[in-house]
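Numbering-wise (the working numbering), the sequence shown opens with residue -4 and increments by one. Cβ coordinates follow ideal geometry from the N, Cα and C atoms, glycine included. The structure displayed is predicted, hence computed values, not measured ones. Please read the structure below before turning to the comments.
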Amino acid sequence: MSAPRRWLAVAPLALAGCSAGVLDPRGPVARAEKQILFDSLGAMLLIVVPVMVATVAFAWWFRAGNRRARYRPDWDYSGKLELLIWSVPAMIVLFLGGTGWVGAHLLDPRRPIPANVAPIEVQVVALDWKWLFLYPGQRVATVNRLVVPAGTPIHFRLTSATVMNSFFVPQLGSQIYAMAGMEAQLRLAADHPGRYPGIAAHYSGKGFSDMTFTVDALPAAQFTAWAAQARAAPPLDETRYRQLARRGTLPRPLVFGTAPPRLFDAIVAQRAPAAERPRDASNQGEADAEAGK
């Protein structure tokens, strides 16, 4: 086997280091988005592949040495060819437009997900550089770890206590922006128990690359037990919130037993306590929030 063929044979191995992400959906929203992606890709390939094949075929057929090719310097129009050239792309554009329009309505982030169980609400706050999750129904709060019951729709209410950011769990579905002074809504669900990575999909400063979180989808009974255990943790009081709101990253997720019931609304209204001033220039004093453990 020649060297180029050997390289071509082993090239797909490079994909082994890639995360499946959006191509490995674990929820109804992510599955629908994957289907739209594949439908759009297939429609566009109906144009791209024939054009690429025709380019090579025409170059080969009309080469200088092919005596069978007809030389027609005065030819400039064919009604059938014009119909083919314009009708196929027009139908593809209509298909893509229809797919996008239908998908935009079916996957509206505010649209409830059909289910036999009531959704739970999670309030999401983007901080520098961490994610705060408030569970008003369970009366607990977490940082950089989102725990949800598998098979149950999750109603997210999102805002930011700092600059604009973007909340994204690739395997569960849509990413959505969180902005200061505004509230966004998103509905997702995890089909089965599992652990899924979440990221901040919008640049927000030097700690942006570490602004990640983990989504743990648990069976319903385990989620109830987790919430009961979490309520025994120290509360998220004003002092701890000021520490969390300070710029910096956390070495590990945090759990708080209770949180002020109107904290999310206060953050949206920009009336929440201001971030505590750091005691040194490093802005890495977030370990103080470890007191919440």
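- Gly193 sits in a strand when the DSSP states are folded into three classes.
- With respect to the 9 Å criterion, Asp186 and Gly16 are not classified as neighbours on the basis of their beta carbons.
- Of Ala228, Ala6 and Ala121, the smallest CA-CA separation from Arg134 is found for Ala228.
- Taking C-alpha positions only, Ala64 is separated from Pro84 by approximately 28 Å.
- Fewer than three pairs of CB atoms, one per stretch, sit closer than 8 Å, so the region 54 to 62 makes no contact with the region 201 to 211.
- Pairing His150 with Arg182 gives a Cβ-Cβ distance under 9 Å.
- By the criterion of a C-beta distance shorter than 7 Å, Leu122 is surrounded in its chain by Ala156, Thr157, Leu239 and Ala240, once the five residues flanking it on both sides are discounted.
- About 6 Å separates the Cβ atoms of Pro214 and Ala145, confirming a contact at the 8 Å cut-off.
- When only Cα atoms are considered, Val51 and Met39 end up about 19 Å apart.
- Collapsing the DSSP output to three states places Tyr172 in a strand.
- In the structure shown, the three-state DSSP call for Lys125 is strand.
- Between the alpha carbons of Ile115 and Arg106 lies a gap of roughly 14 Å.
- At the C-beta level, Val119 and Ala184 stay beyond 9 Å of one another.
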